[in-house]
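Start counting the sequence shown at 276; every next residue gets the next number (the numbering used here). Quick reminder that beta carbons are idealized off the backbone N, C-alpha and C, glycines included. Working notes, structure below.
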Amino acid sequence: MSTTSPTDAGPPRGRDEVRAAIIDAATRLMAERGPSVSTREIAAEAGVNRGLLHRHVGSKEALIAEVLKSGAERFAETIGTSPVETLSGLVGSMFAEGDDAEPLTRLIAWVILEGAGSAALAETPLVLQHIRNLMIEHAGGRSDTTPEMATALLMAALMGWQLFAPALLPMLGGDRDPATSRRELESVAELLGSHVMARSL
Numbered sequence: 276m277s278t279t280s281p282t283d284a285g286p287p288r289g290r291d292e293v294r295a296a297i298i299d300a301a302t303r304l305m306a307e308r309g310p311s312v313s314t315r316e317i318a319a320e321a322g323v324n325r326g327l328l329h330r331h332v333g334s335k336e337a338l339i340a341e342v343l344k345s346g347a348e349r350f351a352e353t354i355g356t357s358p359v360e361t362l363s364g365l366v367g368s369m370f371a372e373g374d375d376a377e378p379l380t381r382l383i384a385w386v387i388l389e390g391a392g393s394a395a396l397a398e399t400p401l402v403l404q405h406i407r408n409l410m411i412e413h414a415g416g417r418s419d420t421t422p423e424m425a426t427a428l429l430m431a432a433l434m435g436w437q438l439f440a441p442a443l444l445p446m447l448g449g450d451r452d453p454a455t456s457r458r459e460l461e462s463v464a465e466l467l468g469s470h471v472m473a474r475s476l
């Protein structure tokens, strides 16, 4: 994700550059303050006037959808182009995204909690489908855990870790060591996969 402010290289010009600046600014502000941030503030952060925002992106709901779609596509491309063959490898790819994935996670949480633009979450299915497919490939359990349930549990663990670990670990006297975090969540992924109900689809 670009972190260059409009003042660093002058205001964005042309449709593609303006759209990219708006989506980048919206991602930063919405991740920090939620989807209720105003389009006026987003336009100012992007270095454009609000009329350009409405011309090139549309309504506030459309902007939220574009932000989610952009983040999901970037994330899906990362894990889709990685040589991922196991669930633990998938978690490793997610960790490779590092801080780049956190704004998307925070925005999804805001959208769910506030219900603002919740229909835009339909723009993020590619990542979930990829994880679900891996769950199906590695299914071998005899429990009633479906690939869909296991996918939801894994995503809840990964997103919850990003959102709450920085606050929870110090309260428990622990450190957020990236290597340890990655190993533990890889174990969670493999454990979930081992309990997925085997079935032919």
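Start-to-end residues for the alpha helix (DSSP H) that takes in T314: The residue you call residue 314 lines up with position 39 of the sequence shown. Start and end: T314 to A321.
Status (buried if at least 16 other CB within 10 Å, exposed otherwise) for A301: Position 26 of the sequence shown, counting from 1, holds the residue named residue 301. It counts as buried.
First and last residue of the uninterrupted alpha helix (DSSP H) at R288: Translated into positions along the sequence shown, residue 288 becomes position 13. From DSSP, R288 is part of no alpha helix (DSSP H); its letter is neither H nor E.
Residue of A454, L388, G435 and F350 minimising C-alpha distance to Q404: Along the sequence shown, read from residue 1 onward, the residue named residue 404 stands at position 129. Taking only the C-alpha atoms, the option nearest Q404 is F350.
Burial state of G448, where buried means 16 or more other Cβ atoms lie within 10 Å: For this step, residue 448 is matched to residue 173 along the sequence shown. G448 is exposed by the Cβ-count criterion.
Three CB pairs or more closer than 8 Å across the region 331–342 and the region 309–317: yes
Span of the alpha helix (DSSP H) around V386: Position 111 of the sequence shown, counting from 1, holds the residue named residue 386. Note, V386: alpha helix (DSSP H), E377 to E389.
Distance between A431 and V323 (C-alpha atoms, nearest Å): Taking the first residue of the sequence shown as position 1, residue 323 is located at position 48. Taking the first residue of the sequence shown as position 1, residue 431 is located at position 156. Rounded to the nearest angstrom, the two C-alpha atoms are 36 Å apart.
Through-space distance from E348 to N408, alpha-carbon basis: By one-based count along the sequence shown, residue 408 stands at place 133. By one-based count along the sequence shown, residue 348 stands at place 73. Computed Cα separation, rounded: 17 Å.
Inter-residue CB distance, E320 and R303 (contact presumed, cutoff 8 Å): For the purposes of this step, residue 320 is taken as residue 45 along the sequence shown, with counting starting at 1. For the purposes of this step, residue 303 is taken as residue 28 along the sequence shown, with counting starting at 1. That belief holds up - the Cβ atoms of E320 and R303 are roughly 7 Å apart, short of 8 Å.
Beta-bridge pairing of T420 - partner residues as DSSP gives them: Along the sequence shown, one-based indexing puts residue 420 at 145. In the DSSP output, where bridge partners are listed per residue, T420 has V471.
Straight-line gap, R325 to V342 (C-alpha atoms, nearest Å): The sequence position of residue 325 within the sequence shown is 50, counting from 1. The sequence position of residue 342 within the sequence shown is 67, counting from 1. Inter-residue distance for R325 and V342 is about 17 Å (C-alpha atoms, whole angstroms).
N- and C-terminal bounds of the alpha helix (DSSP H) containing L327: Position 52 of the sequence shown, counting from 1, holds the residue named residue 327. R325 to H331 is the span of the alpha helix (DSSP H), which, as asked, contains L327.
P445 to R308 span [Cα, whole Å]: Position 170 of the sequence shown holds residue 445. Position 33 of the sequence shown holds residue 308. Near 23 Å, if we compare the C-alpha coordinates of R308 and P445.
Own chain residues within Cβ distance below 7 Å of E423, not counting five before or after: Numbered from its first residue, the sequence shown carries residue 423 at position 148. Hits under 7 Å: R407.
Local conformation of D299 per DSSP, three classes: Translated into the one-based positions of the sequence shown, residue 299 becomes position 24. In the structure shown, D299 sits in a helix (DSSP, three-state: H, G or I).
Option in P287, E465 and A425 with minimal Cα separation from G364: Taking the sequence shown and counting its residues from 1, one reaches residue 364 at position 89. With distances taken between Cα atoms, G364 lies closest to E465.
Where L429 falls, given that 16 or more other Cβ within 10 Å makes a residue buried: Here residue 429 is taken as the residue at index 154 of the sequence shown, counted from 1. When all chains shown are included, L429 counts as buried.
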